[in-house]
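Visitor: Here the numbering used here = 1-based position in the sequence shown + 18.
Beta carbons: idealized from backbone N, C-alpha and C, even for Gly.
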Amino acid sequence: MSVKESLHSILSTLPQGVKLVAVSKFHPAERLMEAYEAGQRIFGESRPQEMTAKAAELPKDIEWHMIGHLQTNKVKYIAPYVAMISSVDSARLIDEIERQAARHNRVIDILLEVHVADEESKSGWEINELRQYLTTDAFKALTHIRVRGLMTIATNTDDQAVIRRDFSLIRDIFEQLKPQFNECFDTLSIGMSDDYPIALEYGSTMVRIGTAIFGAREY
Ligand SMILES: *Cc1c(COP(=O)(O)O)cnc(C)c1O
Numbered sequence: 019m020s021v022k023e024s025l026h027s028i029l030s031t032l033p034q035g036v037k038l039v040a041v042s043k044f045h046p047a048e049r050l051m052e053a054y055e056a057g058q059r060i061f062g063e064s065r066p067q068e069m070t071a072k073a074a075e076l077p078k079d080i081e082w083h084m085i086g087h088l089q090t091n092k093v094k095y096i097a098p099y100v101a102m103i104s105s106v107d108s109a110r111l112i113d114e115i116e117r118q119a120a121r122h123n124r125v126i127d128i129l130l131e132v133h134v135a136d137e138e139s140k141s142g143w144e145i146n147e148l149r150q151y152l153t154t155d156a157f158k159a160l161t162h163i164r165v166r167g168l169m170t171i172a173t174n175t176d177d178q179a180v181i182r183r184d185f186s187l188i189r190d191i192f193e194q195l196k197p198q199f200n201e202c203f204d205t206l207s208i209g210m211s212d213d214y215p216i217a218l219e220y221g222s223t224m225v226r227i228g229t230a231i232f233g234a235r236e237y
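1) In whole angstroms, give me the CA-to-CA distance for Asn123 and Asp177.
2) Counting only runs that start and end within the region 73 to 148, where is the beta strand (DSSP E) found for 3 or more residues in a row?
3) Please state whether the Cβ-Cβ distance between Lys166 and Val125 is less than 8 angstroms.
4) Which full runs of the alpha helix (DSSP H) of 4+ residues lie inside the region 188 to 230, going along the chain?
5) Alpha carbon to alpha carbon, how far is Glu48 from Tyr54?
6) Residues in the same chain with beta-carbon distance under 8 angstroms from Glu236, minus the five sequence neighbours each way, listed in chain order, please.
7) Note down, in chain order, each residue of its chain lying with its Cβ closer than 7 angstroms to the Cβ of Cys202, except the 5 sequence neighbours on either side.
8) Using a 10 Å radius around the Cβ and a threshold of 16 neighbouring Cβ atoms, would you call Arg12 buried or exposed?
9) Could you check the C-alpha separation between Leu38 and Arg117 for me, to the nearest Å?
10) For Arg49, is the beta carbon positioned less than 7 angstroms from some heavy atom of ligand 1?
11) Say yes only if the C-beta of Ser64 is nearer than 7 angstroms to one or more non-hydrogen atoms of ligand 1, and no if none qualify.
12) Relative to ligand 1, is the shortest distance from any of its heavy atoms to the C-beta of Met102 smaller than 7 angstroms?
13) Please confirm whether any heavy atom of ligand 1 lies closer than 7 angstroms to the CB of Asp240.
14) What is the rounded straight-line gap between the Cα of Lys196 and the Cα of Leu129?
15) Got a sec: does ligand 1 put a non-hydrogen atom nearer than 7 angstroms to the Cβ of Val106?
16) In chain order, what residues of the same chain have a beta carbon less than 6 angstroms from the beta carbon of Tyr95, not counting five sequence neighbours either side?
17) Helix or strand or just coil, what does DSSP make of Tyr183?
18) According to the neighbour-count rule (16 or more other Cβ atoms, all chains shown, within 10 Å of its Cβ), is Gly35 buried or exposed?
19) Helix, strand or coil for Arg164 per DSSP?
20) Below 8 angstroms CB to CB, which residues in the same chain sit around Pro33 once its five sequence neighbours on both sides are set aside?
21) In whole angstroms, what separates the C-alpha of Ser30 from that of Ala156?
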C-alpha cells in the first residue's frame with residue numbers, strides 16, 4: 019500500500035475528533051510529503067535535530083509534535099516552532115520548556131507522559147510523583163505552558179490483557195486529574211500501529227502511528 023492508501027485506511031477507522039499523529043521519525047522528507055499531499059498535517063518526530071531539519075524543508079502549515087524523550091538542552095532548538103511536546107516526563111524539562119517558550123513569546127502545548135507499562139525502561143512520570151508535582155507552586159506559576167493532557171506507551175507485548183490494563187489505568191488517571199485543569203485538558207494520547215484499535219476503546223483522542231503508515235523504519 020502507498021502512504022496515501024495506508025493513511026486513508028487508518029483515518030477511516032478513527033472516530034470523529036480523534037487526531038492522527040503521523041510518526042515520521044527516521045523517514046526522509048519525501049515520504050512525509052506523500053502524507054502531506056494526502057492531507058496529513060500533524061507529524062511526530064523523536065529527535066530534535068531531525069525534526070528541525072524537516073521543519074525547515076517542508077510546508078509551514080505542518081504541526082510538529084515531539085514524541086520522543088527530550089533532553090533539556092535540546093528544547094531550545096524546537097521551542098520556536100513546535101506545536102506540541104508529548105513526552106514531558108520531569109519538572110526539569112517543564113522548567114526549561116517554560117523558559118524557552120517565554121523567550122519566544124509563545125505558549126507551548128504539552129502532554130505529561132505517565133509510566134504505566136511493565137517495563138522499567140519506559141520513561142514517564144510515576145503517578146504519585148506526578149500528583150505531588152501538580153501541587154507545587156512551581157507548577158502553578160507556569161505561564162508559557164498549556165497542559166493538554168496525558169500520553170503513555172503501553173507495555174510492548176502481544177498479551178492484549180496487559181495492553182488493556184495499561185490503557186485502562188491511564189484512562190482512570192486522566193479522568194482523576196482532569197478536574198485540576200481547565201477545559202484545555204482534553205487530550206489522551208494512546209495508541210500506536212499495533213495497539214491503536216484497543217486504545218480507541220479506552221478513550222484515545224490522539225493516536226501516534228508510524229509503521230502502519232510509512233512502513234518499517236531503518237535505524
Ligand atoms: C515511534 C513511536 C510511535 C510510533 O510507533 P509505530 O509502532 O511505528 O506506530 C509512537 N509513539 C512514540 C512515543 C514513538 O516513539
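Guide: Per the coordinate set shown:
1) 45 angstroms
2) 81 to 84, 102 to 106 and 126 to 131
3) The sequence given here has Arg at residue 166, not Lys. Against a cut-off of 8 angstroms, the Cβ pair of Val125 and Arg166 comes out as no contact.
4) 214 to 219
5) 10 angstroms
6) Phe44
7) Arg164 and Arg166
8) Residue coverage of the chain in this structure runs from 19 to 237, which leaves residue 12 outside it and unanswerable.
9) 29 angstroms
10) no
11) yes
12) no
13) Missing from the structure shown is residue 240; the chain here goes from 19 to 237 and no further.
14) 13 angstroms
15) no
16) Pro66 and Thr70
17) For clarity, residue 183 is Arg in the given sequence; the question names Tyr instead. Of the three classes helix, strand and coil, the one that applies to Arg183 here is helix, per DSSP.
18) exposed
19) strand
20) Leu218
21) 42 angstroms
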